[in-house]
Amino acid sequence: MADLLQHSRPQCRPDRGWQAPSGGGARLQDGAHAMSCNPLFSLRRLLRNQAGIAAVEFALIAPLMLLTYLGATDLTQAIAIDRKLGQVASTVSDLVAQEAAPISQQKAQSYFNAGLAIMRPFDFDSTELRVVVVPVNAAGAPGNVTHATSSNWTGGAVAGLEDDVYNLAAGRYAVIATARYDYTPMFATVFNATMTLEQRSVHMVRRDLDTFSIIP
Numbered sequence: 001m002a003d004l005l006q007h008s009r010p011q012c013r014p015d016r017g018w019q020a021p022s023g024g025g026a027r028l029q030d031g032a033h034a035m036s037c038n039p040l041f042s043l044r045r046l047l048r049n050q051a052g053i054a055a056v057e058f059a060l061i062a063p064l065m066l067l068t069y070l071g072a073t074d075l076t077q078a079i080a081i082d083r084k085l086g087q088v089a090s091t092v093s094d095l096v097a098q099e100a101a102p103i104s105q106q107k108a109q110s111y112f113n114a115g116l117a118i119m120r121p122f123d124f125d126s127t128e129l130r131v132v133v134v135p136v137n138a139a140g141a142p143g144n145v146t147h148a149t150s151s152n153w154t155g156g157a158v159a160g161l162e163d164d165v166y167n168l169a170a171g172r173y174a175v176i177a178t179a180r181y182d183y184t185p186m187f188a189t190v191f192n193a194t195m196t197l198e199q200r201s202v203h204m205v206r207r208d209l210d211t212f213s214i215i216p
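The sequence shown lines up with residues 1 to 216 when you count with UniProt numbering.
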């Protein structure tokens, strides 16, 4: 039986090409067997075989898609926090600038609490806030800070303003509110370290006051 199977099977020999089986059995065309024994023909047949190509493509692109999704999630959250910081700073500085007389620390803190509520659903307890009042003379030159108050502020010098802002506040008081937040990405795929987000808002005191400050 083994001899019969061996003789009925076509043979490929490098030196002599395809050899027809000796003895009985099915015979195929010489050209077809010669092509099947050709390495180039086998390579072309392999290249034409596209079974499983979709799975390979997905395996290659899946990590990139996942990385893009996680990075977009972190970036979107950072943009949302930065926008809320701008709203907080604008709200607090506007509330202080509407006062008609020097305000107390307690009242300033109540404005902070109102502004920090805007940070929801983010961690508003970690939001840093500071308000400073700067007098500006008639020539548009800033004077010394009359007073500053803060909430969770970790220090740092008062940032200066552009000259055109001081010119607009000439003869009045400028109220500068700064909101800051240390954002730590959830997945660290795009940003692998804590980022400090900061927004600042400037309002001029509405009324023409000789003296305005935040009472210590």
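All C-beta atoms, glycine included, are put in the ideal place defined by N, C-alpha and C.
query                                                                                                                                            : result
Looking at the structure shown, is Ser104 part of a helix, part of a strand, or coil, going by DSSP?                                             : strand
Please report the straight-line C-alpha distance between Ala83 and Glu99, rounded to a whole angstrom.                                           : Contrary to the premise, residue 83 reads as Arg rather than Ala in this sequence. For Arg83 and Glu99, the distance between alpha carbons rounds to 26 Å.
Compare the Cα-Cα distances from Thr196 to each of Arg180, Val132 and Thr211 and report the closest residue.                                     : Arg180
Could you check the C-alpha separation between Pro121 and Gln77 for me, to the nearest Å?                                                        : 11 Å
Are there three or more Cβ pairs, one per stretch, closer than 8 Å when the segment 85 to 100 is compared with the segment 204 to 214?           : yes
Using only CA atoms, which one of Asn137, Gln87, Glu198 and Ser93 lies nearest to Ala117?                                                        : Gln87
Among all the DSSP beta bridges, which residues are the ones paired with Glu198?                                                                 : Arg180
Tell me the residue span of the alpha helix (DSSP H) that contains Pro63.                                                                        : Ile53 to Ala97
Would you mind reading off the limits of the beta strand (DSSP E) that contains Leu209?                                                          : Looking at the DSSP string, Leu209 is not in any beta strand (DSSP E), and its letter there is neither H nor E.
Can you round the beta-carbon distance between Val92 and Val133 to whole angstroms, since I take them to be within the 8 Å contact cut?          : No, Val92 and Val133 are not in contact; Cβ-Cβ is about 12 Å, not under 8 Å.
Taking the alpha-carbon positions, what's the Arg44 to Leu66 distance?                                                                           : 35 Å
Are the beta-carbon atoms of Pro102 and Ser213 separated by less than 7 Å?                                                                       : yes
What are the residues that DSSP puts in a beta bridge with Pro135?                                                                               : Tyr173
Considering only the beta carbon of each residue, do Gly114 and Ala177 sit closer than 7 Å?                                                      : First, the amino acid is wrong: residue 114 is Ala here, not Gly. Taking 7 Å as the Cβ cut-off, Ala114 and Ala177 do not qualify as a contacting pair.
If you drop the 5 nearest sequence neighbours on each side, which residues of the same chain put their C-beta closer than 8 Å to that of Ser104? : Ile214 and Ile215
From the DSSP output, in three-state form, read off Arg130 for me.                                                                               : strand
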